[in-house]
Every structure is written in structure tokens, then in C-alpha cells.
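Participant:
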Amino acid sequence: MVPRLTRILGAQRLALAEDAVQFAMLQALELWPYDGVPEYPSAWLSRVAYNRALDVLRSDRKLRYFEDEKESEIRKKIDELQSANERGLAGFSQEVADEKLALIFTCCHPVLPRAASVALTLKVVCGFGVAEIARAFLATEVSISQRLVRAKKLIREQGIRCEVPSPAQLPERLDAVLEVLYLLFTEGYAASSGDSLIKNDLCEEAIRLGESLAENSAMAQPEVHALLALMLFQAARLPARTDEFGDLLLLAEQDRSLWDRAMIHRGLLHLESAAAGEKLSTYHLQAEVAAIHANTDEFTSTNWEQILALYDLLAEKQPTPVVLTNRAVAVAQVHGPVEGLAALAMIPSDEQLTRYPFLHSAEGEFHRRLGHFDDAARCFNLALECARTEPERRFIQKKLAGLGAESIAMHKGKSAPQ
Amino acid sequence: MPNFVLLLHQSPKMLSNASPEEIQTILAKYGAWREELVKANKMRAGIKLGNDGGRHLRLNGGKVAVTDGPYSESQEVLGGLFMIEATDYDEAVRIAQTGPHLVGGNWIEVRSVDRVHP
């Protein structure tokens, strides 16, 4: 309902559309338990929502001097749609899908901060409540509300329209949408403390939104399929990712029989669709890496040469600390820990990097393999310092403890009489 | 079979911040609860009362005084009622419990309806 109403009222009145829909829902909550669900529930809800929007618009007009001709246009549209609703014609699935897409593009407009787009999409497109969003991002409800208010204000100020972008604008707009979707997904996928049910919800929503894009022939660009494949491959691993204590399991330790095969299959189909055309996006490369893992029965039989080749390409396009660290891990798998350390050393050091736990634990792991227990401990302790969540901390502490044991064993061996 | 009235008392301003998704879930629960009663031929009436507070009439110093009742925003009010058919209080109470009304401060008053025997 919000997508349709926003379409009619315009993105400038997104808040009004939300309020009108909320009003209708609350009315339903009051009346339907006693009167029963009406014969055409959506028509009922739409009628109440539209009337509410009209009421607010009318009373708003009294405060202004000049008639906004846009408003009478809006009123006409609402009346048209209302009579269509009553005849049971409303909600052709294609129209509904288009309206949802238009709203997604509005919420993910490049001019909005990405974090704001994520929250706005969840609220307005996916129907999440402020409390749920706050729980998911470990933020306060107040900060999320503010983020939403600022985003809507920006939409008004920038004159953003609620419509699907033209072919000319599509590449830039689509890039922004994909960024937001992947941000949403990683927020859910990241091993943070907090409600794991919410987290899985976020992954699901990101995938669902991606599929809305893929279902529209104009939107279904190869990158969209690539991102979907990536998200599906990663989401497939969720059932295997934590042990019975809620602790993280590495790829090496996961029980692959728990991976969701149906999701992997869907991912492979999207990967195939992604192969059309010549553009090789970073999503393509990441999806290919994820596909290799998904198709490998045991960690020990992983084709690291292939993965390294993909990371080489990825590092050229997107030399971020995350990518370069992952590449170093692949380097170590193929050429050994000394090369792994060298690959890490190539990463330009800057502020952001020192606070990236995975980099330090990777370095620690390489040192450990080489028997440099002091260096390893130093790295793991650095990682511990910048760990952000309980599961991350426990994971690193386990590594440190393991180091201790290994070190003792090695020294015992060394100090044995020659 | 005797009739019972379920008076649904509502705590102020519950659920006004619920998300559309959450509201859908609750509506589905009410729908299912109602349907079961209708199918079992136990639902006699459902009456939703207005949120406007209503009017209170009392005798005050020999004259009738009319005041506005409480608004649902700030005080607990009677939201509505159902009349159902049930064998006895135990069944009426069981039926009342299975509905989604009992959340937060909401409460349900179950009263038997007296029969007028000729």
C-alpha cells in the first residue's frame, strides 16, 4: 500500500503515505476483530488510507494561500483508484510490482547516505517497525527515527520523484540500489551479537528485494543476478555458521551438510544469468568465489588456485582492506604463510586498517603456522583489541588459547635433551 | 447452551507504534480466532465500541449530570464485546484465553448472560 500511495502522492509526501497506511492498519486492528475481515481486505484498507491522506491534504491546504494544482490532480487520481478498488480491479500484480520498484529506487537514491537508505527501505518497503530496525542495527530507536526523518527531508529537498529511473539514469541508480541491498545483507550476515532472528530477516529481505529487481526485465541486469547469487551462496551457509554455543565456525570447520542446497541451487541459476553480457562486476567475482566454496564438499578439496585468480581480479577493481586480506588468505593457501605475510604487508596501512580485526587475526594465523608464536600472540591481541562483538572476541580468545598450548608443546619438544 | 459476554478492556495506546507487519500478524490471529468460533456456531455478536469516551450519566443532587467518558489514549477503556455460546464458564474462559487480546495491560471480563425464563 505504501508504494502505491507514495506513487500517487509523490515521494515528497512519503511520510504522509506511511502515516495514512499506518492509520488504516490501526483502524483494521480495531474493527476487524469484532466485525470480521471484510470481503476485500486490501480494498478496505486502501479506501481508509486514501481517505485519510485526502483529509490531511485538505486540512493542510487551509493553512496555505494558494491552491496547489498538483493537489487536485492527486485527489482525482485517488478517486479513480478508489473506484477501481471497489470494482475489485486494483492490484494487478505487475502494477504492484512496478510501484514497489519505484519506491525501492526512491529509498536508494544515490544522494541519500547509504545507512539512511537501508533504514528507509526496511521501514517503507519491507514494513519493518522502528523498534525492529533499531534492534537489527544495535542502535537506539531515537537514532533510527532521526535517520528516517533526515532521509525524508532530503528526499523533499532534492525533489526526488517516486518513479523507476529512465534507461539513461538506470546504471547509476541501479548501482546505488545494489550497494544498499548488499549493505543490508551484510548487516544481517555479519556475526554481531543480538537477535539472530532479526539478522536472518535482514538477509531474507535483501534477497527478496533483489528478486523484485530480477523479476523486471529492464532491471534484471547481470550485476543484479550476480549480487543475488552472492547473497544466496552466503545465506546458504547460515545454518552451519555457529556451533551449539553460538560461537562462530570458520569455513574450514562448518558442517557442509547443513548448507541450504536449495539456496545454492537458486544461486547457481542466478550466476548463470549473470554470465550474460560483458560486464564483470565485483559482485560477479565475489559470487564466483562463493560458488567455488558452495560446490566443494570438503574444505580440504577447495580449489584455492581458482579462488586466488578471482581475488587477483577483484583486488584490481576494488583494493579494499577486506578484499586484500581475503586475497592474502588465498595466497597463503596456495603459496604458504610466508607469501601470505608478504601479501598482507602490501596492504597500505592506514587508520581504518589498524581497527580491522580480521586482518590481524589473519596475520596471527600465518605467524602461527610458521611457529612464530610471539608474533602470532601479538597479532591476535591486536585483533582482540579491535573486536567489535562477543562472538568475535571469543573466537580470537580461542585462537590465543590454542597458541598457548602449541607453544608449550613446541618448547617441550625443544627443551628435550639432544 | 448458555451465552456469555466477553468484555474486552483495553490498556491505553497499545500497539500504535506497531509496524504494518506486526499488525498483519495480529489481525491474522484475530481472524483465525473468530473464524473458529463462527464455524463452531458459537459466535453470537461482536460489537466494537467507539473511542470517543462516551457519556456518563449520574444523579447529582437530584439532577442528572452528564459528563464525557475517558478517552482511550489515557485511560483503560472498554473497547468492545463479544457474545458467545458456551457450555459453562470453563469453556467461556478457555475461549477468551485463546484470542489475541491478552497482551500488555489488556484484560477480559467474562460474564454469563442470564436467561429470562417464562
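Protein chains in written order, with the numbering used here: chain E, 16 to 433; chain W, 1402 to 1519.
Every residue gets a Cβ at the ideal spot worked out from N, C-alpha and C, and that includes glycine.
#1: So within the stretch 129 to 189 of chain E, which uninterrupted alpha helix (DSSP H) runs reach at least 4 residues, ignoring any that extend past its ends?
#2: Give a yes or no on whether the C-beta atoms belonging to Cys401 (chain E) and Glu378 (chain E) are separated by under 8 Å.
#3: For Phe81 (chain E), which residues from the same chain have a beta carbon less than 8 Å from its beta carbon, with the 5 sequence-adjacent residues on both sides left out?
#4: Check whether the stretch 178 to 190 of chain E touches the stretch 109 to 120 of chain E, counting contact only when three or more Cβ pairs, one atom from each stretch, lie closer than 8 Å.
#5: For His387 (chain E), which three-state DSSP category applies?
#6: Closer than 8 Å by C-beta to Ile170 (chain E): which residues in its own chain qualify, once you throw out the five before and the five after it? Chain order, please.
#7: With contact counted as at least three CB pairs below 8 Å, one residue from each stretch, are the stretch 156 to 168 of chain E and the stretch 50 to 62 of chain E in contact?
#8: Please work out which residues of its chain come closer than 7 Å, Cβ to Cβ, to Phe381 (chain E), disregarding the five sequence neighbours upstream and downstream, and give them in chain order.
#9: Which residues in chain W have a C-beta closer than 8 Å to the C-beta of Trp47 (chain E)? List them in chain order.
#10: Can you tell me whether DSSP reads His1518 (chain W) as helix, strand or coil?
#11: Can you tell me which of the three DSSP states Leu196 (chain E) falls into?
#12: Is the beta carbon of Ser227 (chain E) less than 8 Å from the beta carbon of Leu116 (chain E)?
#13: Taking the C-alpha atoms as reference points, what is the distance between Ala255 (chain E) and His375 (chain E)?
#14: Can you look up Asn1404 (chain W) in the DSSP assignment and give me helix, strand or coil?
#15: At the level of alpha carbons, what is the spacing between Val1504 (chain W) and Asn1418 (chain W)?
#16: Could you tell me the distance, in whole angstroms, from the CA atom of Asp312 (chain E) to the CA atom of Leu245 (chain E)?
#17: Taking the continuous alpha helix (DSSP H) assigned at Lys1449 (chain W), which residues delimit it?
#18: Using the three-state DSSP reduction, which class does Trp1508 (chain W) fall into: helix, strand or coil?
#19: Answer yes or no: do Trp274 (chain E) and Ala302 (chain E) have a C-beta to C-beta separation smaller than 8 Å?
#20: Taking the straight line between their C-alpha atoms, what separation do you get for Gly417 (chain E) and Ala343 (chain E)?
#21: Helix, strand or coil: which one does DSSP assign to His1410 (chain W)?
#22: Going along chain B, which residues have a C-beta under 8 Å from Ala43 (chain E)?
#23: Quick check: the Cα distance between Val239 (chain E) and Leu193 (chain E), rounded to an integer number of angstroms?
#24: Let me check understanding here. Comparing Cα to Cα, which of W:Glu1486, W:Glu1422, W:Leu1450, W:Asp1469 lies closest to Arg1456 (chain W)?
#25: At a CB-CB cut-off below 8 Å, which residues of chain E make contact with Gly1447 (chain W)?
#26: List in chain order: all unbroken alpha helix (DSSP H) runs of 4+ residues lying wholly within the stretch 279 to 315 of chain E.
#27: Go to Asn1461 (chain W), then tell me how far its beta strand (DSSP E) extends in each direction, as first and last residue.
#28: Taking the alpha carbon of Lys332 (chain E) as the point to measure from, which residue in E:Ile307, E:His299, E:Ser272 has its own alpha carbon closest?
#29: Between the Cα of Leu415 (chain E) and those of E:Glu407, E:Ile423, E:Pro406, E:Asn396, spot the shortest distance and give me the residue it belongs to.
#30: At a cut of 8 Å, does the stretch 64 to 73 of chain E reach the stretch 45 to 55 of chain E through at least three beta carbon pairs?
#31: Between Gly1506 (chain W) and chain E, is any beta-carbon pair separated by less than 8 Å?
#32: Under 8 Å, Cβ to Cβ, is there at least one residue of chain E near Arg1495 (chain W)?
#33: Does Asp34 (chain E) get closer than 8 Å to chain W when you measure Cβ to Cβ?
Facilitator: Taking the definition as stated:
#1: 129 to 135, 145 to 152, 156 to 173
#2: no
#3: For Phe81 (chain E), the predicted structure reports a pLDDT of 42, less than 50, and the residue's modelled location is therefore unreliable. A value from the coordinates is still provided. So the list is empty, once near-sequence residues are dropped.
#4: yes
#5: coil
#6: For Ile170 (chain E), where only same-chain residues beyond five positions count, the Cβ hits under 8 Å are Ala26, Gln27, Leu29, Thr121, His124, Leu127.
#7: no
#8: Ala347, Pro352, Gly355, Leu356
#9: Leu1428, Tyr1431, Gly1432
#10: coil
#11: helix
#12: Note that the C-beta distance between Ser227 (chain E) and Leu116 (chain E) is below 8 Å.
#13: 24 Å
#14: Residue state, collapsed to three classes: strand.
#15: 15 Å
#16: 18 Å
#17: Not the alpha helix (DSSP H): Lys1449 (chain W) falls in the beta strand (DSSP E), residues 1444 to 1449.
#18: strand
#19: no
#20: 22 Å
#21: In the structure shown, His1410 (chain W) sits in a strand (DSSP, three-state: E or B).
#22: No chain B is part of this structure, whose protein chains are labelled E and W.
#23: So the alpha carbons of these two residues sit roughly 7 Å apart.
#24: W:Asp1469
#25: Pro48, Tyr49, Asp50, Gly51
#26: Segments of the alpha helix (DSSP H) lying fully in the stretch 279 to 315 of chain E: 297 to 309.
#27: 1456 to 1461
#28: E:His299
#29: It is E:Asn396.
#30: no
#31: No, Gly1506 (chain W) lies away from the interface with chain E (no Cβ there is under 8 Å from its Cβ).
#32: no
#33: Residue contact check for Asp34 (chain E) against chain W: no CB pair falls below 8 Å.
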